[in-house]
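Undergrad: Using my numbering, the first residue of the sequence shown is number 4, and each one after it goes up by one. Yeah, the Cβ is synthetic: ideal placement off N, Cα and C, and Gly gets one too. These numbers were taken from a predicted model, which means no experiment stands behind them. The following block contains the structure, expressed as structure tokens.
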Amino acid sequence: MHRSHPTRTPLLLLTLLASSLAHADSDVTLKASGRLHYEFAYFDNDARGAPERDGDDLRAAWLAVFGKFHVVDYKFEANFAGHRPVAHDAYVSRSIGDTTILLGQSQPISNLDERISTNHAPTIERSWLMQTLPPGYRLGVGATGHRDGMFWGASAYSLESIDAWKHKGRAAGSRIGYAPRYRPGDVLHAGMTAAREEYDHPGSRGAAPLRVQPRTAGYFADNSRLALIDFHHGRDVSVTKLAVELAGVHGPFSWQAEHGDIRYDDGQQRGEVRAGYVLGSWVLTGESPSYDLKNGSLGPVKPTRRSGAWELELQYDHIRGRQWPQDRLEGAAEAWTVGVNWYAPQYVRVMLDWTDSRRLDKPGGRTLDRTGVLAGRVQLSF
């Protein structure tokens, strides 16, 4: 089977640009967006476990083009921050009333934290539930809709993507929720996500192993990976994912909470991961975070002052997983994060977080490792 190469993404963008310029009518439009996230981290390591090393990096350098091409909308997006471009969104869509149908590569329908853009999330690092529940960008078809406070979505997708074609299999997922209140500054939101994934022979015949190894101390902390799941014997694995979510906005205060359960079964071994978080924020300058009913998610803080907006945030995160009876694994972690964000009137945000994370031996009641990290980000988005 022919495989797409990630470096073809820029060529797709240029081809689309040329096509759009060749059509001067209103049926073809083109817009651009992008983001730059420069991040750094300084670690406070204890004597247990392998120490982490301070670092800095351009974590995100995204460029996207989107618009209308006759009867469909389109979007092509790639991240150029690494040693090679990585394709993200690459799809066409069509809206019919309150329903949108999408075909191509995108993020399959998943939980609340996944639906919030990294440009708008209050914390630098996403929750561990976010690191384990959504599959990332995948090829497939999906539909979303909303009406009278309800929102819903469903998707069927391959476990392959343009860049990650060694993940073999297929999946389907759905999300439904209701916002009984969604006025500016007054939001109450509840939802539920479910997905089923079928992995083909992970670890054999060219397929990648199926592993869950979240970084418990952030992006720069490779030594803090927590090994929870490892299926690599070539037997097909069925994965069932369930999550529930609640969120609200009350003037300058907002909060969100999620809990998820993921179960794995290859006929001889089983595994389970449970994760959840609670996040609260307070915009000191009085603005309210926005709410997007179409996506069922909280949106950005939009400053009303020339001096920008200030936000405080606090998050508790936890995860626990185990695999049995063969290749037995078991681990857990928890973390507290406190941070401050400054939003410029346009385009720029500066973030600073302190996280205290612990890897735990739950059966033995011991702390295996404790790591503190001061992380920062300077963000430009348009």
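For His192, count neighbouring C-beta atoms within 10 Å of its own C-beta (all shown protein chains included) and say buried if the count is 16 or more, exposed if not.
TA: Residue numbering aside, residue 192 sits at position 189 when the sequence shown is read from its first letter. With 16 or more other Cβ atoms within 10 Å, it is buried.
Undergrad: Candidates Lys365, Leu106, Met133 and Leu332: which alpha carbon is nearest Ser161's?
TA: For the purposes of this step, residue 161 is taken as the residue at position 158 of the sequence shown. If we check each option's Cα against that of Ser161, Leu106 comes out closest.
Undergrad: Is it true that the CB of Ile165 sits closer than 8 Å to the CB of Ala90?
TA: Counting from one through the sequence shown, the residue named residue 90 turns up at place 87. Counting from one through the sequence shown, the residue named residue 165 turns up at place 162. Result yes, Cβ atoms of Ala90 and Ile165 sit closer than 8 Å.
Undergrad: Hey, which unbroken runs of the beta strand (DSSP E) at 3 residues or more fall wholly within the region 75 to 126?
TA: 75 to 82, 89 to 99 and 102 to 109
Undergrad: Is DSSP giving Thr219 helix, strand or coil here?
TA: As a working mapping, residue 219 is identified with position 216 in the sequence shown. In the three-state DSSP reduction, Thr219 falls in the coil class, being neither helix nor strand.
Undergrad: Here's a check: name, in chain order, each residue in its chain whose Cβ is nearer than 8 Å to the Cβ of Arg6, leaving out the five neighbours to either side.
TA: In the sequence shown, residue 6 corresponds to position 3, counting from 1. Since pLDDT at Arg6 reaches only 40, below the 50 mark, its modelled position is unreliable, and the value read off the structure follows with that caveat. So the list reads Trp168, once near-sequence residues are dropped.
Undergrad: Quick check on Lys365: buried or exposed, where buried means 16 or more other Cβ atoms within 10 Å of its Cβ?
TA: Residue mapping note: residue 365 aligns to position 362 of the sequence shown, counting from 1. Lys365 is exposed by the Cβ-count criterion.
Undergrad: Please report the straight-line C-alpha distance between Ala211 and Asp239, rounded to a whole angstrom.
TA: Within the sequence shown, residue 211 is the residue found at index 208, counting from 1. Within the sequence shown, residue 239 is the residue found at index 236, counting from 1. Asp239 has its alpha-carbon roughly 12 Å from the corresponding atom of Ala211.
Undergrad: Leaving out the 5 sequence neighbours to the left and right, which residues in its chain are closer than 6 Å to Glu337 when beta-carbon positions are compared?
TA: In the sequence shown, residue 337 corresponds to position 334, counting from 1. Here the set comprises His321 and Arg361.
Undergrad: Within 10 Å of its beta-carbon, does Val74 have 16 or more other beta-carbons around it, so buried, or fewer, so exposed?
TA: Start at 1 with the first residue of the sequence shown, and residue 74 comes out as number 71. It is exposed - the Cβ of Val74 has fewer than 16 other Cβ atoms within 10 Å.
Undergrad: What three-state label does DSSP hand Asp225 in the structure shown?
TA: As a first step, residue 225 is located in the sequence shown; it is residue number 222 there, counting from the start. Asp225: helix per DSSP, three-state reduction.
Undergrad: Measuring CA to CA, which of Gly156, Ile112 and Gly237 is closest to Gln272?
TA: The count along the sequence shown starts at 1 and reaches residue 272 at position 269. Checked all of Gly156, Ile112 and Gly237; the closest Cα to Gln272 is Gly237.
Undergrad: Can you have a look at Gly368 and say buried or exposed, based on whether 16 or more other CB atoms are within 10 angstroms of its CB?
TA: One-based indexing of the sequence shown puts residue 368 at position 365. It is exposed - the Cβ of Gly368 has fewer than 16 other Cβ atoms within 10 Å.
Undergrad: Tell me which residue opens and which closes the alpha helix (DSSP H) that Gln134 is part of.
TA: Here residue 134 is taken as the residue at index 131 of the sequence shown, counted from 1. Here the alpha helix (DSSP H) through Gln134 covers Trp131 to Thr135.
Undergrad: On the CB-based measure, 16 or more other CB atoms within 10 Å of its CB, does Asp269 come out buried or exposed?
TA: Walking along the sequence shown from the start, residue 269 turns up at place 266. Buried: at least 16 other Cβ atoms inside 10 Å.
Undergrad: Does the Cβ of Ser158 have 16 or more other Cβ atoms within 10 Å, making it buried, or fewer, making it exposed?
TA: Taking the sequence shown and counting its residues from 1, one reaches residue 158 at position 155. Under this definition Ser158 is a buried residue.
Undergrad: Taking 7 Å as the line, does the beta carbon of Asp268 fall inside it for any heavy atom of the ligand PLP?
TA: As presented, the structure is devoid of all ligands, the ligand PLP included, so that no description of it is given.
Undergrad: May I ask you to report which of helix, strand or coil DSSP gives Arg178?
TA: Translated into the one-based positions of the sequence shown, residue 178 becomes position 175. Residue state, collapsed to three classes: strand.
Undergrad: For Trp258, I'd like the list of residues in its chain whose CB is within less than 6 Å of its CB, leaving aside the five on either flank, ordered along the chain.
TA: Locating residue 258 in the sequence shown gives position 255, counting from the first residue. The beta carbon of Trp258 is closer than 6 Å to those of Gly251 and Gly283 in its chain, skipping five residues each way along the sequence.
Undergrad: Classify Gly58 as helix, strand or coil using the three-state DSSP reduction.
TA: Translated into the one-based positions of the sequence shown, residue 58 becomes position 55. DSSP places Gly58 in strand when its eight states are reduced to three.
Undergrad: Can you give the beta carbon distance from Lys78 to Ala67, rounded, assuming they're within the 8 Å contact cut?
TA: In the sequence shown, the residue the question calls residue 78 occupies position 75. In the sequence shown, the residue the question calls residue 67 occupies position 64. About 6 Å separates the two Cβ atoms, so the contact holds.
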